Amino acid sequence: MTRLSADGRHPVRFKLNGRPVEAEAEPRTLLSDFLRQQIGATGTHVGCEHGVCGACTVIIDGMLTRSCLTLAAQADGCEVQTVEGLAPSPDRLGILQQAFRRNHALQCGFCTAGILMSLDHYLRRHPAPSEADIRDLLSGHLCRCTGYTPIVKAALEAAAELATTTQEKSDA
Amino acid sequence: MKPAAFDYVRAESVNEVLEGLSKEGGNARVLAGGQSLMAMLNMRLAKPRLLIDIMRLKELNRIEEQAGVVTIGAGVRQAALLAWPELARTQPLLARALPWVGHVQTRSRGTICGSLAHADPSAEMPLALIALGGEVHLRNARRRRRVAATEFFLGMMATARAEDELIEAVSFPARAGERCAFREVARRHGDFAIVACAAVATSKGVRFAVGGVADVPQARDWPRLDGSALDDALNGFAYELDARDDVHATARYRRDLVRIIGRDLVREVLQ
Numbered sequence: 001m002t003r004l005s006a007d008g009r010h011p012v013r014f015k016l017n018g019r020p021v022e023a024e025a026e027p028r029t030l031l032s033d034f035l036r037q038q039i040g041a042t043g044t045h046v047g048c049e050h051g052v053c054g055a056c057t058v059i060i061d062g063m064l065t066r067s068c069l070t071l072a073a074q075a076d077g078c079e080v081q082t083v084e085g086l087a088p089s090p091d092r093l094g095i096l097q098q099a100f101r102r103n104h105a106l107q108c109g110f111c112t113a114g115i116l117m118s119l120d121h122y123l124r125r126h127p128a129p130s131e132a133d134i135r136d137l138l139s140g141h142l143c144r145c146t147g148y149t150p151i152v153k154a155a156l157e158a159a160a161e162l163a164t165t166t167q168e169k170s171d172a
Numbered sequence: 173m174k175p176a177a178f179d180y181v182r183a184e185s186v187n188e189v190l191e192g193l194s195k196e197g198g199n200a201r202v203l204a205g206g207q208s209l210m211a212m213l214n215m216r217l218a219k220p221r222l223l224i225d226i227m228r229l230k231e232l233n234r235i236e237e238q239a240g241v242v243t244i245g246a247g248v249r250q251a252a253l254l255a256w257p258e259l260a261r262t263q264p265l266l267a268r269a270l271p272w273v274g275h276v277q278t279r280s281r282g283t284i285c286g287s288l289a290h291a292d293p294s295a296e297m298p299l300a301l302i303a304l305g306g307e308v309h310l311r312n313a314r315r316r317r318r319v320a321a322t323e324f325f326l327g328m329m330a331t332a333r334a335e336d337e338l339i340e341a342v343s344f345p346a347r348a349g350e351r352c353a354f355r356e357v358a359r360r361h362g363d364f365a366i367v368a369c370a371a372v373a374t375s376k377g378v379r380f381a382v383g384g385v386a387d388v389p390q391a392r393d394w395p396r397l398d399g400s401a402l403d404d405a406l407n408g409f410a411y412e413l414d415a416r417d418d419v420h421a422t423a424r425y426r427r428d429l430v431r432i433i434g435r436d437l438v439r440e441v442l443q
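So the protein sequences, as listed, match chains A and B.
Just so it is clear: in the first sequence, position 110 is 110 by the working numbering, and no numbers are missing.
Just so it is clear: in the second sequence, position 163 is 335 by the working numbering, and no numbers are missing.
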């Protein structure tokens with residue numbers, strides 16, 4: 001039995017975007033705060049801290065996860081993916097990110113990290129989504145700038161582009 | 173806000189969970205998917221001294237079908253049940269209600285049993301349990317017991333689970349809800365229900381259940397009703413639910429929804 005005492009700090013290790021990370025956390029430390037404050041991965045944003053706004057959405061072991069509703073200790077030993085892992089290299093945006101930029105699918109950008117994680121996760125599993133599918137997925141996120149329309153457009157464009165790229169690759 | 177301090181145990185066996193609960197009782201909380209409990213902790217509506225994480229226990233992560241009875245372990249996530257290939261055949265009402273539980277991003281982590289433990293009056297899983305006549309499997313260090321749905325929910329966020337008990341699983345009866353219907357009205361898909369309704373054909377007629385209005389989901393069993401007899405039954409039920417005004421809807425609007433959705437759903441399953 002592993003019992004982590006409330007007043008101590010305990011090592012937490014996991015893979016973040018494929019790279020091993022380690023830092024100390026109290027049992028009550030949220031994964032969202034751990035990522036930002038202990039690891040320095042500030043791409044994940046913290047909005048409501050009760051699972052409603054979706055800004056802090058990350059992927060743990062292939063599951064979309066509100067990092068504000070997850071303890072850092074729960075992620076120990078897991079594979080965590082955050083928005084920092086989306087771009088293929090520091091100077092290049094991924095297909096989804098490019099579509100967001102093209103369509104002005106972000107304004108203040110606060111909600112964007114979470115939305116990108118949800119869309120990236122979804123498009124990998126559902127390559128030909130309808131607008132209704134995308135809107136249903138986005139119901140788990142709050143955006144107060146865009147009115148969602150440009151986000152939906154960007155998602156559908158990215159899906160179409162991803163489908164062509166996959167096809168080209170499989171033909172080759 | 174951030175949670176108040178607590179000890180954290182990653183349980184490696186069910187016995188460890190039961191031991192922790194028997195020693196710490198009301199000061200301990202079981203952490204499963206965390207989609208309700210973590211929000212309560214962040215808002216400091218719950219301040220346990222110990223959290224017992226059960227999500228690495230493989231023995232609690234099972235969906236079993238035996239003679240039609242479907243038993244869902246405490247660690248089974250809502251997304252896992254929704255993806256179970258036998259769900260639509262064995263428990264069609266759950267297949268219809270589950271997409272209304274939270275969002276994709278919370279169903280991926282939240283568990284079925286966790287939603288029952290939380291017992292939010294407007295949540296879909298307690299409503300389904302009431303509509304289908306399921307049972308909650310409770311276990312402490314000394315014994316196991318099963319509690320029928322109608323006896324499990326005692327009030328808003330209050331259940332018959334004793335402080336030293338783990339909800340080990342929940343079971344839904346065989347052939348329940350073969351002919352069934354579900355509908356919900358909320359501000360946005362995935363928000364808490366203003367009113368959620370389920371209708372299930374029974375051997376004698378229909379069972380109609382409503383969540384989101386009273387402190388716990390309520391059900392009525394009726395013979396085959398139609399026309400004004402059905403309208404009268406629904407109207408009586410709508411008033412018995414004792415709806416109250418809140419920021420989301422008035423009591424009258426809730427009664428209207430019960431009457432209107434009720435008529436549609438009851439007719440649909442009795443067709």
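We treat Cβ as the ideally placed atom computed from N, Cα and C, and that holds for glycine.
On a predicted model such as this, the values are computed, not experimentally measured, just so you know.
Nearest to A/S139 by alpha-carbon distance, out of A/R9, A/C68 and A/C111, is A/C111. Under the Cβ criterion (8 angstroms, minimum of three pairs), the region 331 to 340 of chain B does not count as touching the region 420 to 428 of chain B.
Beyond the five residues adjoining it in sequence on each side, A/E24 comes within less than 8 angstroms, by CB distance, of R9, H10, P11, V12 and Q38 in the same chain, given in chain order. B/D393 sits in a strand when the DSSP states are folded into three classes. Listed by position along chain B, the residues whose Cβ is nearer than 7 angstroms to that of A/A73 are Y180. Using a Cβ-Cβ distance cut-off of 8 angstroms, the region 176 to 184 of chain B and the region 43 to 51 of chain A are not in contact, since fewer than three pairs of beta carbons, one from each stretch, lie closer than that value. Around the CB of A/N103, 16 or more other CB atoms lie within 10 Å, so the residue is classed as buried. One finds S139 in chain A with Cβ atoms closer than 7 angstroms to the Cβ of B/R360, taken in chain order. Counting only runs of 3 or more residues that sit fully inside the region 358 to 437 of chain B, the beta strand (DSSP E) segments are 367 to 373, 377 to 383 and 390 to 395, in chain order. Not a single C-beta of chain B is nearer than 9 angstroms to the C-beta of A/D91. When C-beta atoms of the region 399 to 409 of chain B are compared with those of the region 352 to 366 of chain B, fewer than three pairs fall below 8 angstroms, so the two segments do not count as touching. Here the C-alpha atom of A/P127 lies approximately 19 angstroms from the C-alpha atom of A/G114. Cα atoms of B/L193 and B/N312: separation of roughly 8 angstroms, rounded to the nearest angstrom. A/E49 belongs to the set of residues whose beta carbon lies under 9 angstroms from a beta carbon in chain B. Listed along chain A, the residues sitting closer than 7 angstroms to B/D225 by beta-carbon distance are Q74.
Distance between B/R439 and B/Q250, taken at the CA atoms: about 29 angstroms. Exposure of B/Q443 is indicated by the presence of fewer than 16 other C-beta atoms within 10 angstroms of its C-beta. Against B/G206, the close residues of chain A are L69 and T70, in the order they occur along the chain (beta-carbon pairs closer than 7 angstroms).
A residue is called buried once 16 or more other Cβ atoms fall within 10 Å of its Cβ, and A/C108, having fewer, is exposed. Residue environment analysis places A/G62 among the exposed positions, since fewer than 16 neighbouring C-beta atoms fall within 10 angstroms of its C-beta.
Measuring C-alpha to C-alpha distances from A/K153 to each of A/P129, A/K15 and A/Q74 identifies A/P129 as the nearest.
Listed in chain order, the alpha helix (DSSP H) runs fully inside the region 25 to 85 of chain A amount to none, counting runs of at least 4 residues. Taking the CA atoms as reference points, A/S32 sits about 20 angstroms from A/S5. Boundaries of the alpha helix (DSSP H) harbouring A/Y122: T112 to R125, taken from the DSSP string.
For B/P175, the residues of chain A that pass the 7 angstroms Cβ criterion are R28, in the order they occur in the chain.
Among the CB atoms of chain B, one or more fall inside 9 angstroms of the CB of A/Y122.
For A/R3, at least one C-beta of chain B is nearer than 9 angstroms to its own C-beta.
The beta carbon of A/S130 sits no closer than 9 angstroms to any beta carbon of chain B. In chain order, P293 and D387 place their CB closer than 6 angstroms to the CB of B/M328, counting only its own chain and leaving out the 5 sequence neighbours on each side. Taking a contact to require three or more Cβ pairs closer than 8 angstroms, the region 260 to 280 of chain B and the region 312 to 321 of chain B do not qualify as touching.
DSSP places B/R279 in the helix class (H, G or I) of the three-state scheme.
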